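According to our numbering, the sequence shown holds residues 7 to 499 in order. Backbone N, C-alpha and C define an ideal beta-carbon position, used for all residues, glycine too. Note that the structure is predicted; figures quoted are calculated from it, not measured. Notes follow the structure.
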Amino acid sequence: MRLVHKIMLGLAALATLPLAAQAPALLDRTPEVPVASMVETTIPESDTADLDPADLEAWLDGFLPYALARGQIAGAVVVVRGDEVVLQKGYGYSDVAAREPVDPEATLFRPGSVSKLLTWTAVMQQVEAGRLDLDADVNRYLDFEIPPFRGEPVTLRDIMTHTAGFEESIRYLITDDPDAVMSLGELMPLALPERVFAPGSTPAYSNYATALAGHIVERVSGMTFDDYIDRRVFTPLNMTRSTFRQPLPEALEPLMSEGYSVATEEAKPFEIVVPGPAGSLASTGADMGKFMMAHLNEGGAVLSPETARLMHDYDAPGLGPLNTMALGFYEQWVNGRRAIAHGGDTQWFHSYLWLFPEDDIGVYISMNSNGVAGASGAIRSALFHGFADRYLPAEEPQTRVDDETARAHANLLAGNYVSSRGSFTNFMRVLGLLGSLEITVGPEGKLAFPALDGLTAGARDWVEVEPFVWRDTATGERLAAEVVDGQVVRVSL
7 MRLVHKIMLG LAALATLPLA AQAPALLDRT PEVPVASMVE TTIPESDTAD LDPADLEAWL
67 DGFLPYALAR GQIAGAVVVV RGDEVVLQKG YGYSDVAARE PVDPEATLFR PGSVSKLLTW
127 TAVMQQVEAG RLDLDADVNR YLDFEIPPFR GEPVTLRDIM THTAGFEESI RYLITDDPDA
187 VMSLGELMPL ALPERVFAPG STPAYSNYAT ALAGHIVERV SGMTFDDYID RRVFTPLNMT
247 RSTFRQPLPE ALEPLMSEGY SVATEEAKPF EIVVPGPAGS LASTGADMGK FMMAHLNEGG
307 AVLSPETARL MHDYDAPGLG PLNTMALGFY EQWVNGRRAI AHGGDTQWFH SYLWLFPEDD
367 IGVYISMNSN GVAGASGAIR SALFHGFADR YLPAEEPQTR VDDETARAHA NLLAGNYVSS
427 RGSFTNFMRV LGLLGSLEIT VGPEGKLAFP ALDGLTAGAR DWVEVEPFVW RDTATGERLA
487 AEVVDGQVVR VSL
């Protein structure tokens, strides 16, 4: 039996549907799934540490300068608690050749897909105003048609949870040609991708769908997307050094950080993100702190408390034990605590934003190069877990599945996986199959996932803490599987 499972890395949940490739013999039949017994591991309770500014700065100064220098990256980070900034600080250079230091108040970075959080905020403003319905067919708001898939329409709820079912496409995505900029009214019909999953069934991250949501905001508000964000998000939050406009407004051009592949190389041209609502934001660390504070304070000046809670607390349905999404935010767990978050990557800029709503804490980092061997990914992960271990330590006892069941479940999980975020109807389908990821089982019954090793400066040690839910003992990150009729059909990280 030849199977490839589907996995979507870096989003909240993963995918489904077998394709051709090799899987372990165990999946040739439908085995009985063992019933797990649970073993509790007691972790001493620890109170949440105070976010003391001096301690936080000392900790960051001990970590980031070395990490950024070793990775050949310059970056800016801001940490927010409640309605006050605890620390905002720049590290490294915005222009290496000119030795221009990063200024968190003035230096613009491109946070890539973190931009989507502002787009989702705009959508929810229009939901709150009664102009949009999360569960209506989006064709109600468009002047062209999104064809149904298996008789089912796309809704804004599908779009905000990345379950609209669009395949990935690299056309009309990112370039350095300013002439590639076009209105969303032109772009959306032109760039319409195939739909490959039934809506609401399969997480498959989509830049197109986010841009479509931005276009819908235009249609119901009567403003261009750029004008809308300026008036309804940036102005009420006093985000005076932020824009989605491309090229940059003249007043902001001198503030823009250079972008690099590696900081020792020449600076790269300014990137044009063609589907602007999906990733064209340029903003300072200080302005992103203002955006985080609005969401930490139940919507601040841009959303009602009820609408903010709907965004933050929503759980996408029907995904079993898989990591899920809030409305527009990823869901992540660390030390028994829930974070809502979003990452972002352009070619040269690499960013992440985390909110811990129950603790009134937000963390944002943006870097202006990928760095040596993709160091930006490791730095983001180390920052997230290091911050959580220091200031949000574990408070809950952890459980684990008994060894016999854990070995059986690990064997069920073993196989090759491809991402649900991919192309399935064009030439790029081959790239997805060539890039499949393999999960294997070691001699002690431990999971091995080589493609994920090294992201936090060491191989992963996955322990099954409840049936078909694993946690990495070093980082606390969660891996989960959905099992149907004794077979794993999809996994998530």
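Beta-carbon proximity check, LEU114 vs SER267, cutoff 8 Å: Mapped onto the sequence shown, residue 114 falls at position 108. Mapped onto the sequence shown, residue 267 falls at position 261. Against a cut-off of 8 Å, the Cβ pair of SER267 and LEU114 comes out as no contact.
Top-ranked residue by Cα proximity to ASN145, from PRO399, ASP56 and ARG225: Locating residue 145 in the sequence shown gives position 139, where the first residue counts as 1. The option with the nearest alpha carbon to ASN145 is ARG225.
Distance, ALA345 Cα to LEU243 Cα: As a position in the sequence shown, residue 243 is number 237, starting the count at 1. As a position in the sequence shown, residue 345 is number 339, starting the count at 1. LEU243 and ALA345: Cα-Cα distance of roughly 22 Å.
Extent of the continuous beta strand (DSSP E) to which LYS95 belongs: In the sequence shown, residue 95 corresponds to position 89, counting from 1. That run of the beta strand (DSSP E) goes 90-97.
Three-pair Cβ contact test at 8 Å for the segment 249-261 versus the segment 341-360: no
Span separating the alpha-carbon of ARG530 from that of ALA412: Any question about residue 530 goes unanswered here, given that the chain covers just 7 to 499.
Rounded distance between the beta-carbons of GLY451 and ALA416, thought under 8 Å: The residue given as residue 416 occupies position 410 in the sequence shown. The residue given as residue 451 occupies position 445 in the sequence shown. So it is a contact: roughly 5 Å between Cβ atoms.
Inter-stretch contact (C-beta, 8 Å, three-pair minimum) for the segment 72-83 and the segment 373-382: yes
Span of the beta strand (DSSP E), counted from its first residue to its last, around GLY350: Here residue 350 refers to the residue found at position 344 of the sequence shown. Note, GLY350: beta strand (DSSP E), 343-351.
Among ALA381, MET188 and TYR234, the one whose alpha carbon lies nearest that of MET373: Working through the sequence shown from its first residue, we reach residue 373 at position 367. When each option's Cα is compared against that of MET373, the closest is ALA381.
Buried/exposed call for ALA60, threshold 16 Cβ in 10 Å: The count along the sequence shown starts at 1 and reaches residue 60 at position 54. Result: exposed.
Reference LEU62; option with closest CA among PRO117, THR241 and TYR397: Taking the sequence shown and counting its residues from 1, one reaches residue 62 at position 56. Of the listed residues, the one whose Cα sits closest to LEU62 is TYR397.
MET298, enclosing alpha helix (DSSP H) - first and last residue: Within the sequence shown, residue 298 is the residue found at index 292, counting from 1. From DSSP, the alpha helix (DSSP H) with MET298 extends over 291-302.
Residue ranges of each alpha helix (DSSP H) within the segment 372-404, 4 or longer: 381-397
ALA501 classed as buried or exposed, judged by whether at least 16 other C-beta atoms fall within 10 angstroms: Because the chain is modelled from 7 through 499, residue 501 falls outside the range shown and cannot be assessed.
Any 3 or more C-beta pairs closer than 8 Å across the segment 139-155 and the segment 117-124: The segment 139-155 is not in contact with the segment 117-124.
Beta-carbon spacing of SER498, LEU328 below 8 Å: As a working note, residue 498 is residue 492 in the sequence shown. As a working note, residue 328 is residue 322 in the sequence shown. Yes, these two residues count as a Cβ contact at 8 Å.
Option nearest PHE150 by Cα separation, candidates ASP164, MET194 and TYR178: Working through the sequence shown from its first residue, we reach residue 150 at position 144. Between PHE150 and the set ASP164, MET194 and TYR178, the nearest pair of CA atoms involves MET194.
Same chain, Cβ closer than 7 Å to ILE371, five either side skipped, listed in chain order: For the purposes of this step, residue 371 is taken as residue 365 along the sequence shown, with counting starting at 1. Contacts found: GLY81, VAL83, SER357, TYR358, ARG386 and LEU389.
Beta-bridge partners of PRO107, as assigned by DSSP: Counted from its first residue, the sequence shown places residue 107 at position 101. In DSSP, PRO107 forms a bridge with TYR99.
Backbone secondary structure at SER119 - three-state DSSP: Within the sequence shown, residue 119 is the residue found at index 113, counting from 1. In the structure shown, SER119 sits in a helix (DSSP, three-state: H, G or I).
Contact set for SER310: own chain, Cβ-Cβ below 7 Å, skip 5 residues either direction: Along the sequence shown, one-based indexing puts residue 310 at 304. Cβ neighbours of SER310 beyond the five flanking positions: GLU134.
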